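Sequential numbering from -16 applies to the sequence shown in the working numbering. Each residue gets a CB set at the ideal place from its N, CA and C atoms; glycine is no exception. Small disclaimer: the values here were computed from a predicted structure and weren't measured. Before any comments, here is the structure.
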Amino acid sequence: MDVDLVCELSEDDVSSLMRAIGNEYYASESAAIEAVRRQGCFNLIHLPTSFKVDVFVSRRRPFDLEAMQRAEVQRIAVEPRTEFAIATPEDVIVSKLEWYRLNDETSERQWDDVSRLIDLLAGDLDRTYLERAAQSVGVSDLLAPVLRGR
């Protein structure tokens, strides 16, 4: 199990991020800089638990910007007050389909995650938005079969 985060990050921010995470996490500063340059992903690993965090750098496309606006703020701790913006299920589905495509459509994990989300939430999904978002990033052909019959 891991956590996926999407962030707005510039090369200038990377050193500050590395200082902020301190010695509790393993992180490669060069991998983070490369992820910013490629608008890709890098990892943080919590050393005491080996828990992995995948950090995706926002590509700032219309889909990414709308997904950030649609995210729901959830409080995960009272003291100190800690809040995270959590992506909607529709945006998670589209992002996972896109990641599946970018990895030559071979990641069973991404495909299984999409299938499980749709099975669990089929009646609650905003299908109009889901189909429009999938179209905007070029994964409508992947979405259609997984939605069929649900």
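DSSP state of residue i, grouped into three classes?
i: Leu86; result: For clarity, residue 86 is Asn in the given sequence; the question names Leu instead. Coil, per DSSP.
i: Ala70; result: coil
i: Ala10; result: strand
i: Asp109; result: coil
i: Gln57; result: strand
i: Leu30; result: coil
Is the Cβ-Cβ distance between residue i and residue j less than 8 Å?
i: Met1; j: Glu17; result: no
i: Gln57; j: Phe67; result: yes
i: Val77; j: Ala105; result: no
i: Glu81; j: Val120; result: yes
Taking the alpha carbon of residue i as the reference point, which residue from the options has its own alpha carbon closest?
i: Arg99; options: Glu73, Gln118, Gly121 and His29; result: Glu73
i: Val75; options: Ala54, Leu30 and Gln22; result: Ala54
i: Asn86; options: Cys24, His29, Thr111 and Pro63; result: Cys24
i: Asn6; options: Val(-3), Arg92, Pro31 and Trp94; result: Pro31
i: Val36; options: Leu126, Ile4, Asp(-13) and Arg20; result: Asp(-13)
i: Tyr8; options: Pro63, Cys(-10), Glu114 and His29; result: His29
Express the C-alpha separation of residue j and residue i in angstroms, rounding to a whole number.
i: Asp109; j: Ala15; result: 34 Å
i: Tyr65; j: Val122; result: A quick correction: the sequence has Thr, not Tyr, at residue 65. Cα to Cα, Thr65 sits roughly 34 Å from Val122.
i: Gln22; j: Asp(-5); result: 14 Å
Does any C-beta atom of chain B lie closer than 8 Å to the C-beta of residue i?
i: Gly106; result: Of the protein chains in this structure there is only one, and it is not chain B.
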